[in-house]
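What follows is a short report on a single structure.
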Amino acid sequence: MAGRARSWGLDPRFLIGAALVVASIAGVVGLVASLDDYSTALVAKEHLSPGDEIDADDLVETPVRLGATAAAYLDDSAFDAGPLVVTRAVAEGELVPLGSVDEAHRAADARVVVTVVGAVSRDVAEGAVVDAWSVASGRGSNDESLPPRVLVGGAEVVEIRDDASVVGGRSTLSVELIVPRSDVAAVLAAVAAGDVISLVPAGPGE
Numbered sequence: 001m002a003g004r005a006r007s008w009g010l011d012p013r014f015l016i017g018a019a020l021v022v023a024s025i026a027g028v029v030g031l032v033a034s035l036d037d038y039s040t041a042l043v044a045k046e047h048l049s050p051g052d053e054i055d056a057d058d059l060v061e062t063p064v065r066l067g068a069t070a071a072a073y074l075d076d077s078a079f080d081a082g083p084l085v086v087t088r089a090v091a092e093g094e095l096v097p098l099g100s101v102d103e104a105h106r107a108a109d110a111r112v113v114v115t116v117v118g119a120v121s122r123d124v125a126e127g128a129v130v131d132a133w134s135v136a137s138g139r140g141s142n143d144e145s146l147p148p149r150v151l152v153g154g155a156e157v158v159e160i161r162d163d164a165s166v167v168g169g170r171s172t173l174s175v176e177l178i179v180p181r182s183d184v185a186a187v188l189a190a191v192a193a194g195d196v197i198s199l200v201p202a203g204p205g206e
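In terms of the UniProt record's numbering, the sequence shown has 155 at position 155, counting the first letter as 1, and numbering is strictly consecutive.
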């Protein structure tokens, strides 16, 4: 009896297996290519206020897809010359822009604590920008005729301390502010004179 002729056709199982291998390779190539689109940026572990000195330990490395804008944000190389000082508030979890920090020796701000008399607006909160107004205490003979004045504009609220008290029948609380160093003397003089200080949310553009 004549033998059965051998078939040289391709096994469908082989074709399916080859297709799966090709698809797998294509997937890996695509994944590697997509990873190339990411860069490492630094985000703030907590709220950063102007005047804060930071180093890499205060930030968290995060892979992000920034494209051409990556150069506008902080990376580890920014700390090669040492710690940096925050010049503009950065919220917790926010990418740190290069423009929000500067080298430590260029820091131009300082922190002061003022006693605020009376209630404050709900908009006066940590991270808010405010104008500090001062009214002379009236201790001097001519003080009562002086109108309110802006003691320092564009200050940032760092902390509203939970140490409220009552002075002369009016409630007071302590507020830590970031102010330009050029205004520190005026703020300290007003505090020493017992002037009444109020905080008003800063207007647009301040």
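All C-beta atoms, glycine included, are put in the ideal place defined by N, C-alpha and C.
- [ ] Assign Gly51 to one of two classes, buried (16 or more other C-beta atoms within 10 Å of its C-beta) or exposed (fewer than that).
- [x] Translated into positions along the sequence shown, residue 51 becomes position 51. By the 10 Å Cβ count, Gly51 comes out buried.
TODO: Report yes if the C-beta distance between Ala136 and Val179 is below 8 angstroms; otherwise report no.
DONE: The residue labelled residue 136 in the question sits at position 136 within the sequence shown. The residue labelled residue 179 in the question sits at position 179 within the sequence shown. Using a Cβ distance threshold of 8 angstroms, Ala136 and Val179 do not count as a contacting pair.
Open item on the list: For a quick check, are the C-beta atoms of Val96 and Leu74 less than 8 angstroms apart?
Closed with: The sequence position of residue 96 within the sequence shown is 96, counting from 1. The sequence position of residue 74 within the sequence shown is 74, counting from 1. The Cβ atoms of Val96 and Leu74 sit closer than 8 angstroms to each other.
TODO: For Val90, collect the residues of the same chain with a Cβ closer than 6 angstroms to its Cβ; drop the 5 residues on either side in sequence, then sort them by chain order.
DONE: Translated into the one-based positions of the sequence shown, residue 90 becomes position 90. Closer than 6 angstroms at the Cβ level, and outside the excluded window around Val90, lie Ala44, Leu48, Val96 and Ser100.
TODO: Below 6 angstroms CB to CB, which residues in the same chain sit around Val120 once its five sequence neighbours on both sides are set aside?
DONE: Translated into the one-based positions of the sequence shown, residue 120 becomes position 120. The answer, listed in chain order, is Leu199.
- [ ] Can you grab the Cα-Cα spacing for the pair Ala70 / Ala41, in whole Å?
- [x] Position 70 of the sequence shown holds residue 70. Position 41 of the sequence shown holds residue 41. Their Cα atoms are separated by approximately 8 angstroms.
Open item on the list: Buried or exposed, going by whether 16 or more other CB atoms sit within 10 Å of the CB of Asp195?
Closed with: In the sequence shown, the residue the question calls residue 195 occupies position 195. When all chains shown are included, Asp195 counts as buried.
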